[in-house]
Amino acid sequence: MKPLLYFLLFFISIVPSVNAQSPTTSQIDELKNKVASKVAELKLVEKRGITGIVTEAGGTKISLKDLKGNIRIIDVDELTEFADVDGKETGLSDIDKGMQIGAIGLYNKESERLLARFIDEVKMPEFIIGGITRKDSESFEVTLATSDGKEYQVSIEDITKSYGVEEDETLTRSGFSKIVIKRNAITIGFFDTKIKQKIIATRFYYFDNLPLDPKIEAIIPALDESSKNVTSTGSGKKLTPL
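End of the sequence shown sits at 250 in this note's numbering; the numbers just go up one at a time, nothing left out.
In structure tokens:
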């Protein structure tokens, strides 16, 4: 037993005693500063989503123009997940200029950049403002001309909600029969995948009391009332009565 006792006494003698030390004032201040800095940092970051059209993509960032026309910077890292419009997994290399995307992640208010966690290709609705130049009562379509000379074929479907905008800016639910040419209109919808410049409308608003843009009025054909409605042949071609 003696050898064991001597060993224990020797071991205890070589182990230094540890005394609890109270933190100094400087250490407390340093800790407070770290906490305050972290709190301030957390206040600068919030979860946010941004939708827009890609203007540039590469490296670890994506630039896009949002719905208000502002350029936004989206940062990506190894945790960012990508998906196409069908929900299939993709990557940064699949993001092209002109693509419509939605990004969700952590937005830094100070740098005004979004660290994306999810980036999805999206199909955003088109927003067209113009004047009604033609009306096809057979196919329930109208032609909408814009001030820059473009024309869009707007299809009024069962899903379309049409409204007339009164002078006092109140909305009145309306049917296709109430729509007349030489009226200002706004349509919201999606381009037809098969027919260029054709929009499937989800919303259609027309204004009875706003003067038509002279540039649009100038391109409206001088047709009599009977030829304003284009007759459908049922074969996909349309004939205008002589």
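Heads up, the beta-carbon is just placed ideally off N, CA and C, and yes, glycines get one too.
ALA226 counts as exposed, since fewer than 16 other C-beta atoms from the protein chains shown sit within 10 angstroms of its C-beta.
Around the CB of LYS131, fewer than 16 other CB atoms lie within 10 Å, so the residue is classed as exposed. For the set PHE90, LEU52 and ALA209, the Cα lying nearest the Cα of VAL162 is the one of ALA209. When the five nearest sequence neighbours on each side are left out, the beta carbons in the same chain lying within less than 6 Å of the beta carbon of GLU175 are those of ASN217, in order along the chain. ILE103 carries a coil assignment under DSSP once its states are collapsed to helix, strand and coil. By the neighbour-count criterion, in which a residue is buried when 16 or more other Cβ atoms sit within 10 angstroms of its Cβ, PHE212 is buried.
Exposure of SER155 is indicated by the presence of fewer than 16 other C-beta atoms within 10 angstroms of its C-beta. Counting only residues of its own chain and dropping the five nearest sequence neighbours on each side, LEU179 has a CB closer than 7 Å to the CB of TYR171 and VAL173.
Sorting ALA153, GLY157 and PRO133 by C-alpha distance to the C-alpha of ASN192 places ALA153 at the top.
Contact between the stretch 102-109 and the stretch 53-62 is present: three or more C-beta pairs spanning the two stretches fall below 8 Å. Between the alpha carbons of VAL93 and PRO222 lies a gap of roughly 40 Å.
A Cβ-Cβ distance of about 5 Å is found for the pair LEU122 and ILE82, placing them in contact under the 8 Å criterion. The Cβ-Cβ distance between GLU149 and PHE199 does not fall below 9 Å. Counted as a single uninterrupted DSSP element, the alpha helix (DSSP H) harbouring LYS223 occupies residues 222-225.
Of the residues LYS76, LYS96 and ASN116, the one whose Cα lies closest to the Cα of LEU52 is ASN116. Looking from the CA of TYR214, the closest CA among GLN205, LYS206 and SER185 belongs to SER185.
Within the same chain, Cβ atoms closer than 8 Å to the Cβ of ALA91 are found at GLU97, THR98, PHE126, ILE127, ASP128 and GLU129, the five residues on either side in sequence being excluded.
Boundaries for LEU75: no beta strand (DSSP E) harbours it, and the DSSP string shows neither H nor E there.
Counting only the Cα atoms, GLU146 lies some 44 Å from SER71. Across the set LYS190, THR195, GLY197 and THR168, the C-alpha of THR168 shows the shortest separation from the C-alpha of GLY183. Under the 10 Å beta carbon count, ASP74 is surrounded by fewer than 16 other beta carbons and is classified as exposed. Nearest C-alpha to THR88 among THR151, THR68, ASN78 and THR201: THR68. As computed with DSSP, ASN116 is found in a beta bridge with VAL53 and ARG121.
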